[in-house]
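Residue numbers (this note's numbering): 8 to 434.
Positions of the beta carbon are idealized from the N, C-alpha and C atoms, including for glycine.
Predicted model only: the values in this text are computed from it and were never measured.
All remarks here apply to the structure that follows.
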Ligand code: NIG
Ligand code: FE
């Protein structure tokens with residue numbers, strides 16, 4: 008029985024982010040539990056019925072059928088899941104969490120037929136949020152982020168990747184990364200930081216573009232690496248943003264400084280983004296609405312995670328990523344919100360999962376593994392989270408649903424009954 012390895016587990020005392028892990032206990036009366044262990048295909052979520060889970064020092068040390076619960080854990084504080092379904096804490100592996108202001112005017116304009124590039128060209132889009140973000144104080148940005156994170160926790164999210172990309176200057180990109188660093192002390196959620204200085208060029212002519220890229224490569228990336236402010240380096244490769252050659256240059260400099268590469272690619276057209284991500288050994292390629300079969304195969308071979316972002320396709324009225332084809336071609340597919348004030352103004356990851364099923368043709372089980380274990384893989388923390396098994400963090404969620412099929416099918420506003428982080432019930 009794979010769960011009965013109590014004596015083998017040695018809680019390290021700290022998590023992936025160096026934070027002290029606390030709490031020990033047992034959760035019993037779990038009607039249906041998805042372990043989401045890695046073995047097998049993306050659809051293999053290794054469920055258990057009538058299960059229990061035990062943890063010590065914030066780390067899981069036993070998961071299995073309740074009637075096999077070892078006597079050693081019986082003295083721990085015991086909680087009842089009252090027959091609820093339990094899943095690993097959800098991991099939102101792609102958000103643009105810190106921004107100033109919203110852009111509801113653009114929602115109306117898009118519905119009236121204007122496209123994303125037209126809106127950007129007329130002073131809206133990412134540069135509008137850049138101006139509003141620069142005007143916002145760090146305290147305001149932190150307060151807004153904490154509000155959003157609180158809402159995410161209530162939906163069962165326990166780890167959030169946060170990109171910059173609305174500062175777009177040396178000072179403001181660093182400032183937003185420091186906002187994310189300071190957030191870590193103020194929220195029980197885990198925050199994973201990504202530099203997206205190469206979101207768009209803050210000015211519009213070519214000369215400034217070259218200066219901007221030079222600034223990122225020669226000044227900003229070294230400063231970020233020196234201060235340990237981000238783990239990942241991302242770029243938006245698209246008409247009106249950056250080219251494949253810009254990506255090669257910026258991402259390789261980041262890699263030489265220890266920042267892993269991520270890319271926003273093939274969102275508005277096939278720019279060869281899948282193959283580019285594979286060539287660069289990127290940890291993930293995100294969006295992928297227009298990626299070709301050759302791009303999918305290159306990603307499968309390189310082990311690059313494909314991140315499905317249904318809200319962006321929905322809000323921009325674009326064809327969705329063909330998640331089914333990615334899975335069938337052997338790519339691990341994560342599901343995330345892309346939460347941002349333009350193309351994806353929602354932090355609702357369970358809703359994004361349901362849309363990944365209906366729009367991108369993932370099965371509910373694939374969407375669940377995509378928002379837990381595979382999402383953790385996309386942000387390089389699969390070793391300590393994303394599944395419920397001995398040795399992983401005690402991050403899990405109780406849902407009032409029967410199982411993942413019923414949860415995704417009979418979609419209700421929020422079925423999250425409790426969110427546990429490090430073995431502590433925080434919602
Ligand atoms: O991931 N694609 C580029 N960036 C964001 C949109 C940002 C915005 O519109 O503010 C995205 O969809
Ligand atoms: Fe994005």
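Taken through DSSP and simplified to helix, strand or coil, residue 243 comes out as strand.
Listed in chain order, the non-local C-beta contacts of residue 317 below 7 angstroms within the same chain comprise 327, 359, 362, 363, 366 and 367, local neighbours out to five positions each way being set aside.
Taking one beta carbon from each stretch, the segment 65-80 and the segment 103-118 have fewer than 3 pairs nearer than 8 angstroms; the two do not touch. When distances are taken from the beta-carbon of residue 426 to the heavy atoms of the ligand NIG, even the shortest one reaches 6 angstroms or more.
A straight-line Cα-Cα distance of about 55 angstroms links residue 324 and residue 82. Here residue 210 is exposed. Its C-beta has fewer than 16 other C-beta atoms within 10 Å. At a cut-off of 4 residues, the continuous stretches assigned as alpha helix (DSSP H) that sit fully inside the segment 120-178 are 123-128, 132-142 and 145-161. In this structure, the straight-line span from the alpha carbon of residue 352 to that of residue 297 is close to 22 angstroms. Residue 78 sits exposed, since fewer than 16 C-beta atoms from the chains shown fall within 10 Å of its C-beta.
Remark: fewer than three beta-carbon pairs, one from each stretch, lie closer than 8 angstroms, so the segment 183-196 and the segment 381-396 are not flagged as touching.
Contact between residue 285 and residue 309 holds, with the beta-carbon distance rounding to 4 angstroms and staying under 8 angstroms. Here the alpha carbons of residue 160 and residue 193 stand approximately 14 angstroms from one another. Counted as a single uninterrupted DSSP element, the stretch harbouring residue 224 is not any alpha helix (DSSP H), since DSSP gives it neither H nor E. Note that the C-beta distance between residue 36 and residue 89 is below 7 angstroms. Relative to residue 411, the option among 34, 42 and 64 whose CA is nearest is 42. Placement of the Cβ of residue 345 at a distance of less than 6 angstroms from at least one heavy atom of the ligand FE is found. In the displayed model, residue 270 falls within a strand according to three-state DSSP.
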